[in-house]
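In the numbering used here, the protein residues as written are 2 to 453. Heads up, the beta-carbon is just placed ideally off N, CA and C, and yes, glycines get one too. For clarity, every value in this text was computed on a predicted model and none was experimentally measured. Let me begin by presenting the structure, written as structure tokens, before commenting on it.
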């Protein structure tokens, strides 16, 4: 019996000294003194603040006297002294430490009714109390209460599984958090990597593939390479998915020479490169204005019998057009026809933009009309290219006619369409038409969109 309710009546000096005790003596206080101080506080002439109570309760919790914390909180409630967020968390943690999960869950409901939203401390206490097998059901339960688990909650789960060397369970949580739209953090990946390194179970290539690909997508190329090294250390042979992910990560970070070496290394290890490998590297070279390297890769790809995809040709054509090497772009286009790779709307958009740039207006318009006759599926982007090209060529009336026909064709002008039309009309001295179009753009709420 703790005799919390029946303690001697404190004198005036004792009533006034509790704050000094809270400030200076909590770290040295013994349990009996702490209970005595609680009695002094509840009978003080001016009731202490809830912060003072939370400091005392936290000190008793640090003594691991969780039953005492629970009893004191119950007495505090009986006396009408309210909780705050800190005392709620202290009480929940005490319930859980004493394996009284049903009471903890019940109090959590009362806590929400009082207007307190569970925070990371609350939820971490619950996660530490639940069996690992029950943790996800708890996460689902708190979601039903309107709380959306964040990356810290999932990291707590993943870390717990990894510490218990249950890496496959940690990976399941990892996949769930991604499906829920919660982006992993560096802490997430570090926990998983440490878990893999400590695990006695043999992680397979699928496990490493998931982690490496996720790291690359998050921009964590160094972590991805560490995982790759761990694979090699464990004698797990990387497959094409692993190499493609690493090459993609290196290309994203413009480490193209390393990406090229990775391709050569994977081939030397007997791993056959595929279309994804070459497309990734080709795109990387083109983005870095290394068209010559991209073409060498393309030729190597063809020589090895890897069939080029429309994406590969579009990437090369676009890069050569950007570099104003139109004759080379035309050669690639002819090669595309010879290889029977289908041209899509992106191919034609690149071609039309290129033809307008080099002043071959009639050729561009002829191709555009052929596209219409063949009932190709257009996007507004295609029409924006044509309208812009017409303005550059001085064909203002043709541009206006095309713009006015868009709604009949089932297209809605976007902000690019308007900002192509309006300056063009002003340059031609058609201020009234430009003002009308500006008001139309405002009515369509594109002005607000543009300003954002």
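- Spatial neighbours of residue 412 in its own chain (CB-CB distance under 8 Å, excluding positions within 5 residues in sequence) are listed in chain order as 379, 381 and 384.
- In this chain, the alpha helix (DSSP H) harbouring residue 224 covers 222-234.
- Put simply, the region 241-250 touches the region 276-283. At least three CB pairs are less than 8 Å apart.
- Counting the other CB atoms within 10 Å of its CB gives residue 261 a total of 16 or more, which places it among the buried residues.
- Going by beta carbons, residue 442 and residue 419 fall inside the 8 Å limit.
- Apart from the 5 residues on each side of it in sequence, residue 96 sits with its Cβ closer than 6 Å to the Cβ of 104 and 105 in its chain, given in chain order.
- Rounded to the nearest whole angstrom, the C-alpha separation of residue 56 and residue 225 is 44 Å.
- When 338, 296 and 409 are compared, the shortest CA-CA separation from residue 320 is found for 296.
- By the neighbour-count definition (other C-beta atoms within 10 Å, threshold 16), residue 93 is a buried residue.
- In this structure, residue 86 places its C-beta atom within 8 Å of the C-beta atom of residue 120.
- Apart from sequence neighbours up to five positions away, the residues of its chain that approach residue 294 with a beta-carbon distance below 7 Å are 286, ordered along the chain.
- Contact between residue 190 and residue 160 is ruled out by a C-beta separation of about 12 Å, above the 8 Å threshold.
- Around the Cβ of residue 140, a 10 Å sphere holds 16 or more other Cβ atoms; the residue is buried.
- Sequence-distant Cβ neighbours of residue 302 in its own chain, meaning closer than 6 Å and more than five residues away, are 279.
- Annotation for residue 425: the continuous alpha helix (DSSP H) segment containing it runs 416-428.
- In this structure the region 369-379 touches the region 343-358; the number of beta carbon pairs closer than 8 Å is three or more.
- Here residue 213 has 225, 228, 229, 243, 246 and 247 as same chain residues with Cβ atoms under 7 Å from its own Cβ, once five neighbours each way along the sequence are excluded.
- Residue 388 counts as buried, since no fewer than 16 other beta carbons sit within 10 angstroms of its beta carbon.
- A straight line joining the alpha-carbon of residue 41 with that of residue 197 spans about 53 Å.
- A distance below 8 Å separates the beta carbons of residue 310 and residue 342.
- The C-beta distance from residue 324 to residue 290 rounds to 7 Å, short enough to meet the 8 Å contact threshold.
- Between residue 322 and residue 252, the alpha-carbon positions lie close to 21 Å from each other.
- Assignment of residue 32 by DSSP, reduced to helix, strand and coil, places it in the helix class.
- Relative to the Cα of residue 332, the nearest Cα in the group 314, 20 and 124 belongs to 314.
- The criterion of a C-beta distance shorter than 8 Å is satisfied by residue 318 and residue 348.
- Scanning its chain for C-beta atoms nearer than 8 Å, with the 5 sequence neighbours on each side dropped, one finds around residue 211 the residues 172, 175 and 176, in chain order.
- Beta-carbon to beta-carbon, residue 36 and residue 70 are separated by about 11 Å, too far to satisfy the 8 Å threshold.
- DSSP, reduced to helix, strand and coil, places residue 116 outside both helices and strands of the structure shown, so it counts as coil.
- Judged by DSSP secondary structure, residue 253 falls within the alpha helix (DSSP H) whose first and last residues are 241-253.
- Around the Cβ of residue 64, a 10 Å sphere holds fewer than 16 other Cβ atoms; the residue is exposed.
- A direct Cα-Cα distance of roughly 15 Å separates residue 75 from residue 66.
- Considering only 340, 391 and 266, the residue with the shortest C-alpha distance to residue 363 is 391.
- If you compare the alpha carbons of 31, 22 and 73 with that of residue 43, the shortest gap goes to 73.
- Per DSSP, the unbroken alpha helix (DSSP H) holding residue 314 starts and ends at 311-323.
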